[in-house]
Amino acid sequence: MSVGGLPKIHADDRAARQILLNLLSNAIKFTSAGGEVKVGACLDSQGGAEITIADNDVGIAKEDMEMILLPFSQVDSTNFSTEGGTGLGLSIVNSLVELQGGELKIDSKLGEGTCVTVRFPKSSILRDQRSHG
Ligand code: ADP
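If you read the sequence shown in the numbering used here, its first letter stands for residue 362, the second for the next number, and so on.
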């Protein structure tokens, strides 16, 4: 997998795609019209790579943060519709990130938004191959 201007990452293509798809669909699903979803990628201070997916709307209550990683768990912090979801998305993301040797971090504030960071370790970076597009 590669992102423009950054080195390539050694990761399972299907897993990486599924991780991004699940996180993007959550960010879009839990953001009302007029809200913003931002995607970013950078190298972190320890030489690993970080991909962030952030939205600025519904957010998750502090007391629900642990539960959302469990399979089939959906929280109803703001009565925002969870229709169409299965409660499996984040638990799948968490497992796939761990299988890639990475880490998942979720920062969220109820009513303000959510920022999910997927961190790939330094060992997953292919140093000599830069993406050109
Ligand atoms: P699903 O999206 O199918 O409901 P997930 O496992 O992906 O299941 O997410 C679990 C729960 O975590 C969601 O039902 C929702 O309550 C909360 N959640 C996940 N992502 C976000 C987000 N970006 N903003 C607000 N809540 C979220």
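By construction, the Cβ of each residue, glycine as well, lies at the ideal position given by its N, Cα and C atoms. For clarity, every value in this text was computed on a predicted model and none was experimentally measured.
Check	Outcome
Between which two residues does the beta strand (DSSP E) holding Ile412 run?	Ala410 to Asp416
Would you call the region 402–412 and the region 480–489 touching, i.e. three or more CB-CB distances under 8 Å?	yes
Considering only the beta carbon of each residue, do Leu478 and Lys470 sit closer than 7 Å?	The sequence shown places Thr at residue 478, not Leu. In this structure, Lys470 does not lie closer than 7 Å to Thr478 by Cβ.
Do you know whose CA, among Leu451, Val454, Ile453 and Val419, lies nearest Asp437's CA?	Val419
Give me whichever residues DSSP pairs with Ile486 in a beta bridge.	Ile370
What residue range does the alpha helix (DSSP H) around Val419 cover?	Here Val419 belongs to no alpha helix (DSSP H), and DSSP marks it neither H nor E.
Which class does Val436 belong to by DSSP, given the choice of helix, strand or coil?	coil
What's the gap between the Cα of Asn387 and the Cα of Glu424?	19 Å
By the three-class DSSP mapping on this structure, what secondary structure does Ser469 have?	strand
Secondary structure at Ala402, three-state DSSP: helix, strand or coil?	strand
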